[in-house]
Amino acid sequence: MATQDKTLENTQLKDIVSHAKEYGFVFPSSEIYDGMQAVYDYGQMGVELKNNIKQLWWKCMTQLNQNVVGLDAAIFMHPLTWKASGHIDSFNDPMIDNKDSKKRYRADVLIEEKAARLENEGNKEACDALLAEMGRLLEAEDLDGVRELIIREDIKCPVSGTTNWTEVRQFNLMFSTQVGSVAEDTSTIYLRPETAQGIFVNFLNVQKTGRMKVPFGIAQIGKAFRNEIVARQFIFRMREFEQMEMQFFVRPGTEMEWYNKWKETRKVWHEAIGIPAAKLRYHDHEKLAHYANAAVDIEYQFPFGFKEIEGIHSRTDFDLTQHQELSKKKQQYFDNDLNEEGKPYGNYIPYVIETSAGADRLFLMTLCNAYQEEEITEGDAVKTRTFLKFHPALAPVKAAILPLTKKDGLPEKATEIFNDLKFDFNMIYEERDSIGKRYTRQDLIGTPFCIAVDHQTLEDNTVTVRDRDSREQVRMPISELRTYIDKAVNFRSILEKLA
Ligand code: GAP
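Heads up: the sequence shown begins at 1 in full-length UniProt numbering, then just goes up one per residue.
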C-alpha cells in the first residue's frame, strides 16, 4: 500500500512539474545548456503568480499592520555580518555519502524520512522516539552517533539500496565570492543565506527615521542563496530562492505572547489564500537553531508529504546583541513607555519574533493546491479536464476576452472591451481556434473568467462570462464586467478576512 501511495505521489508531482513547464510557469534554468541543478526560472505565467503571492504578503504585512514597515536591503553585506549571525561558524548541514551509489544525502533528512514512514505505518511512538534521538544527537553535535543511528535503523540509499555509508560531515551552506579587483586587495564576501540580517543591521535606522515604537516590525522580500547539497523536489529546495521575512521587535519578556500571535496569524494567512486547513499543520522544531528559544514550522501537505513552507522563530536578542558586539555600535532601544510605567529599565536590546516564508515554496504550494483533474461529460464522451483552481486574486491572468468568430465585427467589439478593462486587470485577448479549445487553454493556466463576445453582444451589449471552476456561463451587460471581476480578484476579499 505504501509503495502504491508513493507511486501516486510521484506521479502527481511529475504531472505538476511538466504542467508548470508546458504552460510557462517554471523552466529549468539555462535549459539550452542542459540546465543547472536546483536553479529554476519563472516563465510568463509563473512570474505573474509569484508577484501576486509576494504582493499579497507585502500588503498583509505593511498595510494591515500599522506597526510593520518595509525594507529592501542589499544582497551583499559586510562579511562581519555573517560572523555575528553565526552563519560562518554554524550554518552547516550534516551530510553523508553512500559509497556504492556515490550519492550524497542530508543525514537528518534520511532519518526524518524514516520517521515519516513509521508514522504512516501507524507507529507514531517509534517515529517520535527516532526524531527525539536524532534531535539529541544533533544537539550534542555527535555526528558518529548520527551515522550509527542511520545504520541501526537500516536506512538504505534510495539509489543503491545499500547501507554502505561514509561518516557524517558538516558542510557550510554559504556561497562566497571575492570583492575588489586587485588580488592582494580582495576580501571574501558572501551571498546572503537569509534576508533577515539586512533587517537587523538596519534596525536602528528604521526605528529612528520612522519614529517606530516597540513593538514594531520590518518586512522584506528578497533573494537568498544556499549551496544546498541535496537538491530535490523541483522548486522546493533551490540554491537561489526568495524569502519573505518579517522581524518583529518586542520588549524582552513579552516574546512568547508575540510568538503565539504570529504563529496563529501566519497559518490563517495560508488558509485565506485558499489552502484547506487539513493540508496545513504546525511542526515544532526538534533541534532549535543557535539563535532561537522557540521555533515552529508551518507545513503543507505536498504530494511528497508534509513539508515546511514557513518558519516562525523566537530569535531572542541574539542577533542584535551579536551585531552590537562585532560592530561596537549600540543596538539598544530607549523605551519611554517603560520609564513612564516606573519599570526598572528604559534601555534594552529588543527580542525578536521572526516570520520567514519562502516565496518559491508558497508558489509550489499554490500550484499543487490548484492542480485539478476531473472527469467531465461532453456529448457522449467522458474526458478528463485539467485546470488550475487558483484563488482568483492570485491567478496570473484574471480574464480572457474571446470573440466567438474572427469576423462580423466581433474582434473589434472584443478589442474595445479588452482595451477598457486592461487598465484594471491582467488579461488575454485570443481569437485563434474554436471557443472550446480557447476555454481549455485558459483552464490550463487557471484564468478564472472567460468573456465570450458573440453576435448578441453587438445587439444588446451583453457578453457571456464562463466560470473556470463550475464551467457555468452567465450573461451580463458589458458595463457590469469590471465590478464583477474586481469583486473576485481584488486582494481586498483576502485582506478583509485577515484584518
Ligand atoms: N531567517 C530564518 C530562515 O532563513 P529557514 O527555515 O532556513 O529560516 C525560511 O528558511 C524559509 O525559507 C523556509 O521555510 C522555506 O520556505 C524557505 N527556504 C529555505 N531554504 C530554501 C531553499 N533552499 N529553497 C527554497 N526555499 C527555501
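Virtual Cβ for every residue (Gly too), placed ideally from N, Cα, C. All values derive from a computational prediction rather than experimental measurement.
Three-state class that DSSP yields for residue i in the structure shown
{"i": "Y484", "result": "helix"}
{"i": "S434", "result": "coil"}
{"i": "L64", "result": "coil"}
{"i": "I32", "result": "helix"}
{"i": "S470", "result": "coil"}
{"i": "M174", "result": "coil"}
{"i": "D154", "result": "coil"}
{"i": "E378", "result": "strand"}
{"i": "P396", "result": "coil"}
{"i": "G145", "result": "helix"}
Span of the beta strand (DSSP E), counted from its first residue to its last, around residue i
{"i": "I428", "result": "M427 to Y429"}
{"i": "N120", "result": "Per DSSP, N120 belongs to no beta strand (DSSP E); it is in the alpha helix (DSSP H), A107 to N120."}
{"i": "C450", "result": "F449 to V453"}
{"i": "K383", "result": "A381 to L388"}
{"i": "V268", "result": "Looking at the DSSP string, V268 is not in any beta strand (DSSP E); the run it does join, the alpha helix (DSSP H), is E255 to A272."}
{"i": "D297", "result": "A294 to F302"}
{"i": "P403", "result": "A399 to P403"}
{"i": "R281", "result": "L280 to D284"}
{"i": "F249", "result": "E240 to V250"}
Buried or exposed (CB count within 10 angstroms, at least 16 for buried), residue i
{"i": "K329", "result": "exposed"}
{"i": "Q456", "result": "exposed"}
{"i": "Q322", "result": "buried"}
{"i": "A357", "result": "buried"}
{"i": "H290", "result": "exposed"}
{"i": "T483", "result": "exposed"}
{"i": "V268", "result": "exposed"}
{"i": "G409", "result": "exposed"}
{"i": "N419", "result": "exposed"}
{"i": "N205", "result": "exposed"}
{"i": "A499", "result": "exposed"}
{"i": "L64", "result": "exposed"}
{"i": "residue 507", "result": "This structure cannot speak to residue 507, because the chain is shown only from 1 to 499."}
{"i": "L209", "result": "The residue you asked about is not Leu; residue 209 is Thr in the sequence shown. Looking at its Cβ environment, which holds fewer than 16 other Cβ atoms inside 10 Å, T209 is exposed."}
{"i": "D433", "result": "exposed"}
{"i": "M1", "result": "Low confidence applies here, because M1 scores a pLDDT of 31, under 50, leaving its location unreliable; read the following figure in that light. So M1 ends up on the exposed side."}
{"i": "T405", "result": "exposed"}
Rounded C-alpha distance that separates residue i from residue j
{"i": "residue 503", "j": "D319", "result": "Any property of residue 503 remains undetermined from this structure, which presents the chain solely from 1 to 499."}
{"i": "Q301", "j": "L444", "result": "22 Å"}
{"i": "Y333", "j": "N339", "result": "12 Å"}
{"i": "W58", "j": "K114", "result": "37 Å"}
{"i": "L481", "j": "K307", "result": "40 Å"}
{"i": "E121", "j": "G161", "result": "21 Å"}
{"i": "Y33", "j": "R232", "result": "20 Å"}
{"i": "R471", "j": "T440", "result": "10 Å"}
{"i": "H87", "j": "P193", "result": "8 Å"}
{"i": "G135", "j": "K287", "result": "5 Å"}
{"i": "E228", "j": "R251", "result": "35 Å"}
{"i": "R361", "j": "I235", "result": "7 Å"}
{"i": "I451", "j": "L421", "result": "12 Å"}
{"i": "T3", "j": "R117", "result": "In this predicted model, T3 has a pLDDT of only 34, less than 50, meaning its place in the structure is not dependable; the value taken from the coordinates is given anyway. Rounded to whole angstroms, T3 to R117 spans 11 Å at the Cα level."}
{"i": "D460", "j": "I485", "result": "20 Å"}
{"i": "E22", "j": "S85", "result": "41 Å"}
{"i": "L143", "j": "V39", "result": "29 Å"}
For residue i, the first and last residue of its enclosing alpha helix (DSSP H)
{"i": "I88", "result": "H87 to S90"}
{"i": "H323", "result": "F318 to S327"}
{"i": "D337", "result": "N336 to E340"}
{"i": "G198", "result": "A196 to F200"}
{"i": "L137", "result": "K124 to E139"}
{"i": "M365", "result": "A359 to A370"}
{"i": "F418", "result": "L410 to L421"}
Test: residue i CB closer than 9 Å to a CB of chain C
{"i": "K487", "result": "Note that chain C does not occur in the displayed structure, where there is just one protein chain."}
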